[in-house]
Amino acid sequence: MPTSDGHRALALICLVALAVATNYTSHGPVIGAIRDEFALDAGAAGMIATSFFLGAATLMLAGGAFADRWGARDPVTVGFLVTCVATVGCGVLAPTYPVLLAWRFLGGVGGGVAFAAGASYTRDTFSGRGQHFAQGLYGSAFLAGSALPLLYMPLLAGPGGDWHLAYAISGLATLGAWTAWWRLAPDGTRRRQGAPAAVPGTAAAPRRTAPAGSLGGALRSRNTWLLALCHTCGFGLAMVLGTWVVGYLADEFAMPIALSGVLGSLVLVLGIAGRSGGSLALERGMRPLLLIRAGIGLAASGLVVMALAGSLPPAFAGLLATGLGVGLPYAAVFNGAAAGAPSSPGSAQAFVGWGGSLIAIVGPPIVGALVDAGGGFTSGFLAIAAFAVLVLLATFALRPISFDRELSAAGA
Numbered sequence: 543m544p545t546s547d548g549h550r551a552l553a554l555i556c557l558v559a560l561a562v563a564t565n566y567t568s569h570g571p572v573i574g575a576i577r578d579e580f581a582l583d584a585g586a587a588g589m590i591a592t593s594f595f596l597g598a599a600t601l602m603l604a605g606g607a608f609a610d611r612w613g614a615r616d617p618v619t620v621g622f623l624v625t626c627v628a629t630v631g632c633g634v635l636a637p638t639y640p641v642l643l644a645w646r647f648l649g650g651v652g653g654g655v656a657f658a659a660g661a662s663y664t665r666d667t668f669s670g671r672g673q674h675f676a677q678g679l680y681g682s683a684f685l686a687g688s689a690l691p692l693l694y695m696p697l698l699a700g701p702g703g704d705w706h707l708a709y710a711i712s713g714l715a716t717l718g719a720w721t722a723w724w725r726l727a728p729d730g731t732r733r734r735q736g737a738p739a740a741v742p743g744t745a746a747a748p749r750r751t752a753p754a755g756s757l758g759g760a761l762r763s764r765n766t767w768l769l770a771l772c773h774t775c776g777f778g779l780a781m782v783l784g785t786w787v788v789g790y791l792a793d794e795f796a797m798p799i800a801l802s803g804v805l806g807s808l809v810l811v812l813g814i815a816g817r818s819g820g821s822l823a824l825e826r827g828m829r830p831l832l833l834i835r836a837g838i839g840l841a842a843s844g845l846v847v848m849a850l851a852g853s854l855p856p857a858f859a860g861l862l863a864t865g866l867g868v869g870l871p872y873a874a875v876f877n878g879a880a881a882g883a884p885s886s887p888g889s890a891q892a893f894v895g896w897g898g899s900l901i902a903i904v905g906p907p908i909v910g911a912l913v914d915a916g917g918g919f920t921s922g923f924l925a926i927a928a929f930a931v932l933v934l935l936a937t938f939a940l941r942p943i944s945f946d947r948e949l950s951a952a953g954a
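One gets this note's numbering by counting positions in the sequence shown from 1 and adding 542 to each.
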């Protein structure tokens, strides 16, 4: 792929990520209005996030396998369109709580396919030098999209909290982004079994001769499983915070909702910096395992500070630490998974993404249930911090030789 087409492809796949990810946290700033309309407790409100990520987990692995075998552009296009339609549906055709959950689930199905295929598309845009930075930008775009609704959903909903209107407008905006992708995105590499090997350092060329698209091949690598576990403390924790950070700031520190959204969005903004900074650190030769452990450790520490903070300044510091920590490992985790399963890199990356979705599925309702049980956000955040510490310990079971060697060679 010519350099200009490669840059256009990267810009457009980042636009897809930005638009799809607005659905990750769009419910957060208006969750109070949704709870009031449907008379929901905190646990039921957490299911609004869970339904989307449950849908994403349903076909995410299929999106990666399809990209391995036949190319990534088509599943990105179809998945993205499904998410756009479902977002509009949340606004104009969700008169009851079960219908809202159904639209969220459908949007998640499309988003999961688009995410997995998009990671493959991004990997095909650049190979060799620059591949970590490209993957980091793609991941950063997801966090940027997750941060945006914390800013614009309260404005779209207005003083009356019209979340239906906010969802409808947001969905129409994502349809505009889909049109740009559909009309302008290059085809990228077509994945075929038995494809010829690439010349190292070239852009978007097939890179292997082994049969592609085997999820079983990806799962035979121990690192695939462990890196999926690591991603639960990246994307998963980011989505838990995206769901509850506005409520945390408003309830614990009596902060206005609009201001809570602005400050809460900084968690995801720091995640953007973390994903981009982590990818640049890999390009400069930092050991991937060190980067992964640093990110998970920082996130766990930030959650503990948030849980125990008695005033806003330490809580804010914990927010910043957690936001940076959840972002740092992204490129190392995804490119590490691809390096460990060279015959099925899309499937390996999809499985890592699927792992991250698990905490996004179960985390918000768990925190909500703990809040309802009287433990407040202290018990909820301490619970997920303890989980992060367990994941940090599990990283010492990663195989550093093949993982470090392949990533360092690709980024050198």
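Ideal Cβ positions, reconstructed from N, Cα and C, are used throughout, including at glycine. The structure displayed is predicted, hence computed values, not measured ones.
Counted within 10 angstroms of its Cβ, other Cβ atoms place residue i as buried (16 or more) or exposed
i    : result
V641 : exposed
A607 : buried
P691 : buried
R733 : For R733, the predicted structure reports a pLDDT of 46, less than 50, and the residue's modelled location is therefore unreliable. A value from the coordinates is still provided. R733 is buried by the Cβ-count criterion.
V811 : buried
S857 : The residue asked about is misnamed: residue 857 is Ala in this sequence, not Ser. When all chains shown are included, A857 counts as buried.
P637 : exposed
A939 : exposed
V634 : exposed
G700 : exposed
G649 : buried
A849 : buried
R762 : exposed
A902 : buried
L779 : buried
S853 : exposed
R941 : exposed
A708 : buried
L643 : buried
G827 : exposed
A928 : exposed
A796 : exposed
L714 : exposed
R947 : The predicted position of R947 is uncertain, since its pLDDT is 42 and thus under 50; no value can be drawn from it.
Whole-Å CB distance - residue i paired with residue j, under 8 angstroms assumed
i    : j    : result
S682 : R817 : 4 angstroms
I590 : T664 : Rounded, the Cβ-Cβ distance is 29 angstroms, inconsistent with contact.
P696 : G803 : 5 angstroms
A551 : P617 : At roughly 15 angstroms, the Cβ-Cβ gap does not stay under 8 angstroms, so A551 and P617 are not in contact.
A628 : W612 : That pair is no contact at about 24 angstroms.
A841 : F684 : Not confirmed; about 16 angstroms, so no contact.
E794 : F919 : 6 angstroms
S688 : L698 : Wrong, their Cβ atoms sit about 16 angstroms apart, outside the cutoff.
L861 : L808 : 6 angstroms
CA nearest to the CA of residue i, picked from the options
i    : options                : result
C626 : T600, L717, L779, R826 : L717
V913 : L643, Y566, W786       : W786
L934 : A563, L831, G585, F876 : L831
T937 : F795, F929, C772, L685 : C772
A873 : L698, G844, W720, A661 : A661
I576 : E825, H706, L932, G837 : H706
G957 : L623, L679, Q677, L940 : Since the first residue shown for the chain is 543 and the last is 954, residue 957 is missing from the structure and cannot be characterised.
L932 : V620, L768, G672, S712 : L768
L560 : L698, W720, V630, D610 : W720
F675 : G852, R941, L924, L822 : L822
H549 : R941, A587, L679, L693 : L679
G922 : Y790, E825, G837       : Y790
A656 : S853, A849, Q677, V620 : V620
D666 : F647, C775, I711, A609 : A609
F876 : L833, A915, M797       : L833
V904 : A581, G570, F595, S568 : F595
G672 : I901, G820, H569, G897 : G820
R615 : T567, F647, V558       : V558
D578 : Y639, A722, L854, S568 : Y639
G865 : L805, D583, A770       : L805
S546 : F668, A581, A598       : F668
S889 : A710, P855, S593, G759 : G759
G916 : A715, A836, S568, D583 : D583
H693 : L862, R941, A863, L801 : Sequence inspection shows Leu at residue 693; the His mentioned does not correspond to that position. The option with the nearest alpha carbon to L693 is L801.
A598 : F777, G839, F580, G702 : F777
G703 : M828, A715, I573       : I573
A553 : R764, Q677, A581, G570 : Q677
CB contact check: residue i to chain B, cutoff 8 angstroms
i    : result
T567 : In the displayed structure, chain B is absent; only one protein chain is listed.
May I ask you to verify whether the region 864 to 883 touches the region 904 to 914, counting CB pairs closer than 8 angstroms and requiring at least 3? no
Decide yes or no for the touch test of the region 802 to 822 against the region 855 to 875: beta carbon pairs closer than 8 angstroms, at least 3 of them. yes
Taking only runs of the beta strand (DSSP E) that begin and end inside the region 676 to 725, which ones reach a length of at least 3 residues, in chain order? none
Alpha helix (DSSP H) runs wholly inside the region 825 to 867, at least 4 long, in chain order: 830 to 850
Would you call the region 595 to 615 in contact with the region 888 to 895, where contact means no fewer than 3 C-beta pairs closer than 8 angstroms? yes
Sufficient close CB pairs (3 or more, under 8 angstroms) joining the region 839 to 848 to the region 712 to 727: no
Which full runs of the alpha helix (DSSP H) of 4+ residues lie inside the region 773 to 808, going along the chain? 779 to 795
Whole runs of the alpha helix (DSSP H) within the region 559 to 629, excluding any shorter than 4 residues: Within the region 559 to 629, the runs of alpha helix (DSSP H) that reach at least 4 residues and sit entirely inside it are, in chain order, 573 to 580, 584 to 612.
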